[in-house]
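Going letter by letter, the sequence shown gives residues 20 to 173 in this note's numbering.
Backbone N, C-alpha and C define an ideal beta-carbon position, used for all residues, glycine too.
All figures in this text were calculated on a predicted structure; none of them were measured in a lab.
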Amino acid sequence: MEEAPRVDSAQLMELLSVALGVYYGDFTAAAASENLTASQGKTLTVLRRRPVSMRALAEIMACDASNITGIINRLEKRDLVRREASASDRRVTHLVITPEGERVTDTIRAKMHATHAGLNKLSDRERESLFSLLERVFLTRTDRAVRPGAASES
């Protein structure tokens, strides 16, 4: 019996690059349809997970804090995010998505037709497997614990 060829890390990284390129292009077009830049759309998706400080958002977005200020100012003007002082440290400002920001995020995701078409090719079992693998590869234990609907890990 012939053994199936092994997939090495380089092949996986190449396929991830292609997949992320398709996803990013789809996301960018959907965000633009809502008059948002890709960075503004990504900011909303980050804040959809949980409120974060300006500094943490800059780290997550891998950009300078001064860029984050401009992004947040524009999103705040459209009532998509708001700033809140931290309850534990008044020097820290947390960024929180608004209900309108959640609606826009949902609209962007709904307009990601290429991504939906690809995912719709999978069976329920394949989706569960893909979810589990991506979660295992890319999320830390802490990320999984704060994921909406996730059971708290001890």
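Buried or exposed (CB count within 10 angstroms, at least 16 for buried), residue i
i	result
L76	buried
G89	exposed
S173	Its pLDDT being 32, under 50, S173 is placed unreliably by the model, and nothing is read from it.
V123	buried
L96	Correcting the residue type first, residue 96 is Lys in the shown sequence and not Leu. It counts as exposed.
L141	exposed
L31	exposed
T159	exposed
A170	Any answer about A170 is weak, because its pLDDT of 43 lies below 50 and its placement is not dependable; what the coordinates show is given next. A170 should be labelled exposed.
L55	buried
Proximity below 8 Å, CB of residue i to CB of residue j
i	j	result
A29	F46	no
S107	H113	no
V65	I79	yes
E175	L99	Because the chain is modelled from 20 through 173, residue 175 falls outside the range shown and cannot be assessed.
E103	R67	no
A84	R93	no
V115	P70	yes
K130	A38	no
T126	R101	no
L138	R146	yes
S52	V111	no
Those residues which DSSP pairs with residue i across a bridge
i	result
T134	Note: T134 sits in no beta bridge, so no partner.
I116	V100
Residue i versus the options, residue with shortest Cα-Cα distance
i	options	result
T62	A136, E21, D27 and I91	I91
F157	P24, L35 and R25	L35
V134	R155, G44, E154 and D143	It should be noted that the sequence gives Thr, not Val, for residue 134. When only C-alpha atoms are compared, the closest one is G44.
G60	P24, R128 and D27	R128
> Can you list, in chain order, the stretches of the beta strand (DSSP E) that have 3 or more residues and sit fully within the stretch 55-92?
Replying inline: none
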